[in-house]
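This report concerns only the one structure given below.
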């Protein structure tokens, strides 16, 4: 099976879906002539032309709204935000328009569209450029929210998102774009709403999503050296959440750590823990612990930034704690 | 225009009786705008508007029954009781809804214009908005793209002089709002008397020639006045505007102006007007009765239409 980068996987997904359906178009800042701020759209302008690969001004609220309008009358826009930090300027279109149109029109106007772009922290980009928005977006009925952590999931989930008749949020990771993995040549999708058990173990469950799936796998490798075997449940989609995958794993291991990139309060992990206490109350041998970003805006200085981020060491510490090893 | 007026008088009555809840913004006084614009559009053109949407919905040809049932929150409403007064939609008429966030629907209109161009069609979209929209970022972002990409959008500012209770001159650092078009190369701007339905139609005719004929956006400021409060919860006059001002504008009631002009031309007799009033009275009462008899949406519809079920 070919090994390609996460970036190439997304590029393939866009190319294949645009070739498959001429209602699909890509718009956003620098997506065309510049080939994408992160080169995800490389070569697409050349292949599909300027009507289908559309450079926009820096006008997030405006072009997100253009996507909404185009979707209302039957096109299938893919709206790229250069980062989700900038998408805050467009949140009215995502939350008030895209997410609600079908409901408030009594079912008349489905919104087949995708909002995508990098989410979460990279390296030393400081407070305004280092935020993980999963929980903000997952809060909203009417949206689906996917957070691929591998090239395989990135391609399959983006293709599924483009084919979905609902507004789908695709949260990518700037630090993931260069990561590599196996991606098949043939057409496939990863179904939205289905988690992936990325590693099997019976001592503890690490439930995670997005970029943190990599961190969880690294933690699992290190824990294995001490004979600790963990399940790594990669949610892949945070709305709708695969509750069965969570409960199946926790019933097996009786212990859980929830690892997420964003902040603690009202985070994705809080929702996971709620499902666990509701469905696995009698199965638990220890309180569930959470690993997340420190409750501060992201600092710039290297040491402070490292200290603020969830990482392998913090994840291992949490696993050992729920196993009463430390 | 008379249908819009009498229908909304009924709406006011139903609101007072508690049959209609929530926010409800009446259009009374502005009927020449909706009628003037929408009588010039083709059925395959698109329409999008704000939360003050009853007048345009009727003028576009939506069923008074379906609108009233929506206002009553009933299952036979145009949005199945999910939208209410601010969110009237009718896909069959390309009526893309009433929208509740000031300015939010203007980029959406640009997106419809984009889709028209994408498909190579010759439709236009008419986007209605209140004058307070011209101070939002969304408005400027949308107009910039519409001009940049030459989109067939007719943006219609219904300047009724007040954004809720704030007079336009206390909100906009520009007097002639259509001059906002000057900021964008290739965008035509024009202002017109919104109480004169013929003047509105003529201006819209010019706008359509530009938008449809040359695929260029147009900004039309239609100067009108609302005779009721901003919504059902504020006094008609006495706080932000005087009774004297209101009385002055009542002299230019668009329906009275039209009737007078038609009578003068010999196109309308008192008997015709009476017959029309009688017919409309029946239509409005029928809409009320229909809405009143329509069931509330069943509780199992609560979770319907949050998400579409199918994909491609």
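Protein chains in written order, with my numbering: chain A, 1 to 326; chain B, 1001 to 1312. Glycine residues also receive a C-beta, built at the ideal position from the N, C-alpha and C atoms.
Using beta-carbon distances, residue 1114 of chain B counts as an interface residue toward chain A, with a partner under 8 Å. Taking all protein chains in view, the Cβ of residue 1174 of chain B is surrounded by fewer than 16 other Cβ atoms within 10 Å, so the residue is classified as exposed. For a Cβ distance threshold of 9 Å, residue set 1101, 1103, 1104, 1138 of chain B lies close to residue 92 of chain A, ordered along the chain.
Boundaries of the beta strand (DSSP E) harbouring residue 1158 of chain B: 1153-1159, taken from the DSSP string. Look at residue 168 of chain A here: in three-state DSSP terms it is strand.
Scanning its chain for C-beta atoms nearer than 8 Å, with the 5 sequence neighbours on each side dropped, one finds around residue 1075 of chain B the residues 1069, 1081, 1294, 1295, 1296, 1297, 1298, 1301, in chain order. Interface with chain A (8 Å Cβ-Cβ cutoff): residue 1279 of chain B is excluded. At a cut-off of 8 Å between beta carbons, residue 1049 of chain B makes no contact with chain A. In this structure, residue 6 of chain A places its C-beta atom within 8 Å of the C-beta atom of residue 176 of chain A.
Residue 116 of chain A: member of the beta strand (DSSP E) spanning 114-118, first to last residue. Against residue 107 of chain A, the close residues of chain B are 1079, 1080, 1082, 1304, 1305, 1308, in the order they occur along the chain (beta-carbon pairs closer than 9 Å). Contact of residue 103 of chain A with chain B is assigned, a C-beta pair being separated by under 8 Å. In terms of Cβ geometry, residue 1139 of chain B and residue 1086 of chain B do not form a close pair [threshold 8 Å]. With respect to the 8 Å criterion, residue 286 of chain A and residue 322 of chain A are classified as neighbours on the basis of their beta carbons.
Scanning the region 35-108 of chain A for uninterrupted beta strand (DSSP E) segments of 3 residues or longer gives 53-55, 76-80, listed from N- to C-terminal end.
In the structure shown, residue 268 of chain A adopts helical secondary structure according to DSSP, grouped into three states. According to DSSP, residue 182 of chain A shares a beta bridge with A/3. The C-alpha of residue 208 of chain A lies about 21 Å from the C-alpha of residue 141 of chain A.
DSSP places residue 247 of chain A within a helical segment (H, G or I) once states are collapsed to three.
Residues of chain B whose Cβ lies closer than 9 Å to the Cβ of residue 217 of chain A do not exist; the shortest such Cβ separation is about 30 Å. Considered as a whole, the region 1220-1304 of chain B harbours 1243-1250, 1254-1264, 1270-1293 as its complete alpha helix (DSSP H) runs of no fewer than 4 residues, in chain order. Annotation for residue 1208 of chain B: the continuous alpha helix (DSSP H) segment containing it runs 1197-1214.
Assignment of residue 25 of chain A by DSSP, reduced to helix, strand and coil, places it in the strand class.
Within chain B, no C-beta atom comes less than 7 Å from the C-beta of residue 137 of chain A; the nearest is roughly 14 Å away. Under the DSSP definition of a beta bridge, residue 1046 of chain B partners with B/1125.
In this structure, residue 96 of chain A sits away from residue 173 of chain A, with a CB-CB distance that is not shorter than 8 Å. Per the DSSP secondary-structure output, residue 208 of chain A pairs in a beta bridge with A/234, A/259. Judged by DSSP in its simplified three-state form, residue 275 of chain A adopts helix.
Sequence-distant partners of residue 40 of chain A (beyond 5 residues in either direction) whose C-beta falls short of 7 Å from its own C-beta, in its chain, are 7, 10, 11. Within chain B, 1107, 1137, 1138, 1141 have C-beta atoms less than 8 Å from the C-beta of residue 61 of chain A, given in sequence order. If you draw a straight line from the Cα of residue 1230 of chain B to the Cα of residue 1129 of chain B, it comes to about 14 Å. Distance from the Cα of residue 1242 of chain B is smallest, within the candidate group B/1232, B/1255, B/1228, for B/1228. Distance from the Cα of residue 1240 of chain B is smallest, within the candidate group B/1162, B/1261, B/1279, for B/1162. Rounded to whole angstroms, the separation of the alpha carbons of residue 1096 of chain B and residue 1047 of chain B is 6 Å.
Comparing C-alpha distances from residue 1194 of chain B to each of B/1072, B/1172, B/1225, B/1280 shows the shortest one belongs to B/1225. Residues of chain A whose Cβ lies closer than 9 Å to the Cβ of residue 1290 of chain B do not exist; the shortest such Cβ separation is about 17 Å.
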